Amino acid sequence: MGLFSRLFGSNQKEQSSKDIQPEEYKGFLIYQEAQAEGGQFRIAGRITKNIEGEVREHRFIRSDVLASESDANEFMLAKAKMFIDQTKGDIFT
Numbered sequence: 001m002g003l004f005s006r007l008f009g010s011n012q013k014e015q016s017s018k019d020i021q022p023e024e025y026k027g028f029l030i031y032q033e034a035q036a037e038g039g040q041f042r043i044a045g046r047i048t049k050n051i052e053g054e055v056r057e058h059r060f061i062r063s064d065v066l067a068s069e070s071d072a073n074e075f076m077l078a079k080a081k082m083f084i085d086q087t088k089g090d091i092f093t
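Sequential numbering of the sequence shown, starting at 1, is according to UniProt numbering.
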């Protein structure tokens with residue numbers, strides 16, 4: 001059962017128990033949610049924005065893994081800001 005738990009989402013349960021504080025950037029909220037994997041951390045997170053009363057969300061997981069959770073979260077934040085800038089804020093259209 002342990003193998004299936006690791007493959008199908010035990011990390012999600014661990015993440016949801018953490019109190020993740022988003023960072024605001026150009027009207028978007030960026031959630032840094034590095035995922036533990038094999039002693040390293042995969043770069044992952046989500047970007048949200050309230051548009052006309054509806055919260056829209058873009059999730060992403062990169063193939064990159066880093067040695068520390070804080071490094072993975074900082075890299076995710078930089079990538080999310082770059083993504084917002086490159087799309088000129090139109091990530092939900």
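The beta carbon of each residue, even a glycine, is placed where N, CA and C say it ideally should be.
Predicted model only: the values in this text are computed from it and were never measured.
Around the C-beta of residue i, are 16 or more other C-beta atoms found within 10 angstroms, so that it is buried, or is it exposed?
i   : result
R42 : buried
G45 : buried
N73 : buried
In the DSSP output, which residue or residues are listed as bridge partners for residue i?
i   : result
I30 : E23 and I47
Q40 : E37
L77 : L77 is not bridged to any residue.
E54 : I51
In three-state terms, what does DSSP make of residue i?
i           : result
residue 108 : In the structure as shown, the chain starts at 1 and stops at 93, and residue 108 therefore has no counterpart that could be examined.
E69         : helix
Q. Counting Cβ pairs, one atom from each stretch, are 3 or more of them under 8 Å apart for the segment 80-93 and the segment 27-39?
A. These segments touch.
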